[in-house]
Amino acid sequence: MKISEIFYSIQGEGPCAGIPTVFVRTFGCNLRCLWCDTKYAVVGEISDTAYKVMTEEEIIEEIQKHPQTNHVCITGGEPLIQDLSRLVEMLVKSKYFVYIETNGTIQPTIRFAGDNIRSVNYVISPKQFDKPAISVIGIMAYKFVYDGTNAKTIHDYIARNGLEKPLCGLMPLTQDDEHKDRIVEQMCIDECLRAGLRFMSRLHKIYDRK
Ligand code: SF4
């Protein structure tokens, strides 16, 4: 598998915010969002060779260097452009709580036997609002990036796809401009209050941690 990095930190955003987590950042993405904050993990944006090819066993060996937690977040880039089945199955069998952060444009094809399927979870951050939402078991949350102007687009997407409102949250766009970021953050809080949606902060930006 092409891996950009594996590291241990506090999850900064989404439904597991605050939980010590091992992050497996896969390399490559099928999209090119202008404001992407992980361009180093996106093919062609910075380098075509900014990854390490690792076997599932090697990835798990890295994860096991952090026995403080059983939470593993597979993120990217876009993890679902690679076949994650074997890695996820091995992790679940080893009693890890695994979730996949995805941009919601690729229908997952992770397949393995029995009840283990219940242990795979998804945090979806939709990026293509003109396409239908993917259908998958185990959705923990929809994390919408709010930029101060796209509330209607997000609300229309939620309604059109019949998404469960308690699973949906808005996360303010950050652009490393403290003044602008504060304004968008306040607008995001106001929009969450107005629409009754969860506000999703970005702890790692606030506390300047990876
Ligand atoms: S989908 Fe995510 S990783 Fe891919 S370009 Fe957009 S923000 Fe970056």
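Numbering (the numbering used here), first residue to last: 25 to 234.
Cβ atoms here follow ideal geometry from the backbone N, Cα and C, with glycine treated the same way.
These numbers come from a predicted model, not from an experiment.
- In this structure, 29 is the residue among 93, 55, 29 and 44 with its C-alpha nearest to the C-alpha of residue 82.
- Taking the Cβ atoms as the reference, residue 44 lies roughly 7 Å from residue 95, within the contact range of under 8 Å.
- Proximity of the region 155-165 to the region 46-55 falls short of the contact definition, fewer than three beta-carbon pairs being nearer than 8 Å.
- Counting of Cβ neighbours within 10 angstroms places residue 215 among the buried residues, the total reaching 16 or more.
- In this structure, residue 127 has its beta carbon less than 6 Å from a heavy atom of the ligand SF4.
- Nearest neighbour of residue 107 by Cα position, chosen from 27, 208 and 219, turns out to be 27.
- In the DSSP assignment, residue 160 falls outside any alpha helix (DSSP H) and carries neither an H nor an E.
- For the region 145-201, the continuous beta strand (DSSP E) assignments of 3+ residues that do not extend past its boundaries occur at 163-170 and 192-196, in sequence order.
- Spatial neighbours of residue 60 in its own chain (CB-CB distance under 7 Å, excluding positions within 5 residues in sequence) are listed in chain order as 66.
- Under the three-state reduction of DSSP output, residue 40 falls in the coil class, being neither helix nor strand.
- Boundaries of the alpha helix (DSSP H) around residue 228: 227-230.
- For the set 158, 213, 102 and 194, the Cα lying nearest the Cα of residue 186 is the one of 158.
- The beta-carbon separation of residue 42 and residue 227, rounded to 7 Å, stays under the 8 Å limit for a contact.
- Looking at the DSSP output, residue 33 sits in a beta bridge with 45.
- Around residue 92, the same chain offers 44 as residues with beta carbons nearer than 7 Å, after the five sequence neighbours per side are excluded.
- Straight across, the Cα-Cα distance linking residue 34 with residue 183 is about 32 Å.
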